[in-house]
Each structure stands twice: as C-alpha cells, then as structure tokens.
Amino acid sequence: MNDADTTPIADRLERTNELLQRMLAEVAKTPSTHAIFVDAGYVYAAAGLLVAGTEDRRSFDLDAEGMIEAFIDRARTIFADSRLLRVYWYDGARRRIHTAEQQSIAELPDVKVRLGNLNANNQQKGVDSLIRSDLESLARHRAISDAALIGGDEDLVSAVEAAQGYGARVHLWGIEAAEGSNQAEPLLWEVDSRRTFDLDFCRPYITRRPVTTYENEGTPPPSRDEVRFIGAQIAATWLGERGLAAMSELLPGLPYLPGPVDQDLLIEAERLLQRSLRGHAVLRRALRDGFWQHLQSQL
C-alpha cells in the first residue's frame, strides 16, 4: 500500500480525533448533576426511633422542610462541583391522595413528592418500585451523575443496580440505628459509598407530641358495652373508608389486630370517649371485640 492509499484513512482518523476532542471538551464543561431520593417511611421510622423512642408517626412531629434543607446542604458539601436536580420524597397515602403534610412538602422548591399506597396495616406499597423507576430513568437519560439514596430496604438493591448500569454512582445515606442496623446488608454491599446521620443531626427535626389528657379522667370509666359499641362504630367507619379488600387482609390475623390498626383504633376510641383507655386492659379488649364483631357481621 502506497502513501496515496493511506492518506484518506489518515485524514479520517484525524477528523475522528478532532470530533472526540470536541465532545470531551463539551462534556468537561457540562456540570455534574445529583439528586436526592428519600424513602420517607424509612426516615420517619429511623429518626423517630432514634430521637423520640418510637416509630409511630402519631407520637412525634417531623420538620420535613428543615430536614430536606439539611440533606440539600450536606449534598452541596459532598458533591461540591455538582448541581442539584431535585429532591424526590417517597411516601405512602390512602388511595395515593396527598395528606395536608405531604401537600406542604410537595410545595417546597426543588422537591417532588411521589406517593405509593397504604394497605390496611398502614404499610407502604409501591414505593420501592417508584424509586427504582426514577433512579433508572434519570441515570439512563444521563440526567444525574450521582444519586444520594436515603433508605434501608433490601428491595432497593435492584434500583441501585439499574442506576449503576447506566453509569450513575449511588451513595447510600442512613439514619443512625437506635440499636442493631436499620439498613439491609445487601443494600450496603451494592452502593458506591455510605454515610450515616447521627442523633445530633436528627434531633432538631423531631419533636415528641405531648400525651393527650382528658378532663374526665377522674370519673368512673365507661362500661364494656359502651366501649364495645364504640369499637363497632369505628369499624363501620374504617370499613367504609377502606372497603372489603382491606378487611380481607385483616381477617387471617383474627382475633389480633396489626399494631398500626390497633393503635388507630385506640386513639379514635379515646377521642370519641374523651378519656384515656391506657391501663384499662379489659376495656381495650372490649374495644377490639366490638371492632371485630362489626367486621365479621359484614361477611
């Protein structure tokens, strides 16, 4: 092959190299972008247990706006040469209808609220799949280079793998565990880095609610029949709001109620009776009996 034959090839290689250099120069000028993905159920449970000693949301208030701003500030420090795309806040709600609190969070700048469902036991459903969908989509379209994931469920492993498959780096953030661990080991193994927020970080954003007291605490307690009737009344409202499908989820556990449902029942009964039933084990059994009797009457 003579010089004349090799000249066109050399020219093409030179043009290709020029194009690659221009592309690399453009990429270098494009700022990195990060997003924060928050499993709100994990944050409430872990931070509530750490600061207030309980996972029950009704027992404490979370300053979500303050905590989100703290997450954003921490991300600015960690991803110093990167810009924030937005914060994704994943939570559960009945029929995926925003609560007042979730609506106020959705109105915050740079925050998008994504809702899964809540089943009869107040357990989130569909949140992990929403996280995976967003992580994978943003990574696939090169919308983010780094993802800060705040959660602990093993089901999030597939979301991490999907994002990493498109070149994004996933950083797992967690809340200090009150005891043991609150993040699944397979998730810890899969991520690119880990960071934990301690008690001092979380304390300013959690406030324990005062225990409700009632004026008639010194009067004789209600009768079992009265409390049983209240239980049936609450069951009728509960069934009207959630439907037969939710009831079918409870029936296998009869005569026991899942913790969140039992707690809701107690709080609503105390509101209607305007007195505490704490320390009245017999009356609390009557309350559950009334609740179950009404549900069984609908079969």
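Residue numbering for the sequence shown follows the working numbering, beginning at 14 and increasing consecutively. Glycine residues also receive a C-beta, built at the ideal position from the N, C-alpha and C atoms. Note that the structure is a prediction, hence the values are computed from the model and not measured.
* In the DSSP assignment, what residue or residues form a beta bridge with Phe50? -> Among the bridge pairs identified by DSSP, Phe50 is matched with Tyr101 and Leu162.
* To do: Confirm, please, whether the CB-CB distance from Ile188 to Leu63 is below 8 Å.
  => Yes. Within cutoff.
* **Of the listed residues Arg108, Trp102 and Gly164, nearest to Ser117 (C-alpha basis)** => Among Arg108, Trp102 and Gly164, the Cα nearest to that of Ser117 is on Trp102.
* With a cut-off of 8 Å, do at least 3 Cβ pairs link the stretch 146 to 161 to the stretch 181 to 195? -> With a cut-off of 8 Å, the stretch 181 to 195 and the stretch 146 to 161 count as touching, because enough Cβ pairs lie within range.
* **Cα-Cα separation between Asn130 and Ala245, rounded to whole angstroms** => Between Asn130 and Ala245, the C-alpha separation is close to 26 Å.
* **One or two residues paired with Leu75 in a DSSP bridge** => Leu75 is bridged to Ile219.
* **Close beta carbons around Ala172, own chain, < 6 Å, minus the five adjacent residues each side** => Within the same chain, and ignoring the five residues on either side of Ala172 in sequence, the residues whose Cβ sits closer than 6 Å to its Cβ are Ile144, Arg145 and Leu148.
* From the DSSP output, in three-state form, read off Asn195 for me. => Looking at Asn195 - three-state DSSP - the assignment turns out to be coil, as it is neither helix nor strand.
* For Thr220, which residues from the same chain have a beta carbon less than 7 Å from its beta carbon, with the 5 sequence-adjacent residues on both sides left out? -> Cβ within range, chain order: Phe73 and Asp74.
* Asked: Can you give the beta carbon distance from Leu270 to Arg301, rounded, assuming they're within the 8 Å contact cut?
  -> Under the criterion of beta carbons closer than 8 Å, Leu270 and Arg301 qualify as touching, at roughly 6 Å.
* To do: Leaving out five residues on either side along the sequence, give the residues of the same chain with a beta carbon under 8 Å from the beta carbon of Asp94.
  => For Asp94, where only same-chain residues beyond five positions count, the Cβ hits under 8 Å are Pro44 and Ser45.
* Can you tell me whether Gln196 is buried or exposed, with buried defined as 16 or more other CB within 10 angstroms of its CB? -> Per the 10 Å Cβ criterion, buried.
* Asked: Is the distance from the Cβ of Ile85 to the Cβ of Leu98 below 8 Å?
  -> Between Ile85 and Leu98, the C-beta gap is not smaller than 8 Å, which leaves the two residues out of contact.
* Put Ser206 into one of helix, strand or coil per three-state DSSP. => If DSSP states are grouped into helix, strand and coil, Ser206 belongs with the strands.
* Asked: What does Ala106 pair with, by DSSP beta-bridge criteria?
  -> As a beta-bridge residue in DSSP terms, Ala106 pairs with Asn130.
* Proximity of Leu200 and Gly253 at Cβ, strictly below 8 Å -> In this structure, Leu200 sits away from Gly253, with a CB-CB distance that is not shorter than 8 Å.
* Residue environment, Gly295, which counts as buried when at least 16 other CB atoms sit within 10 Å -> Before going further, note that residue 295 is Val rather than Gly in the sequence given. Exposed: under 16 other Cβ atoms inside 10 Å.
* **Between the CA atoms of Arg298 and Pro235 - distance to the nearest angstrom** => Between the C-alpha atoms of Pro235 and Arg298 there is a straight-line separation of about 13 Å.
* Tell me whether Gly292 is buried or exposed, calling it buried when 16 or more other Cβ atoms sit within 10 Å of its Cβ. => Under this definition Gly292 is an exposed residue.
* To do: Taking Leu185 as part of the beta strand (DSSP E), name the residues at either end of that continuous run.
  => Where Leu185 is concerned, the enclosing beta strand (DSSP E) stretches over Arg182 to Ile188.
* When the Cα atoms are used, what is the spatial distance from Glu82 to Val126? -> For Glu82 and Val126, the distance between alpha carbons rounds to 15 Å.
* Asked: Given Ala248, which residues of its chain have a CB within under 6 Å of its CB, disregarding the five upstream and five downstream residues?
  -> Here the set comprises Phe304, His307 and Leu308.
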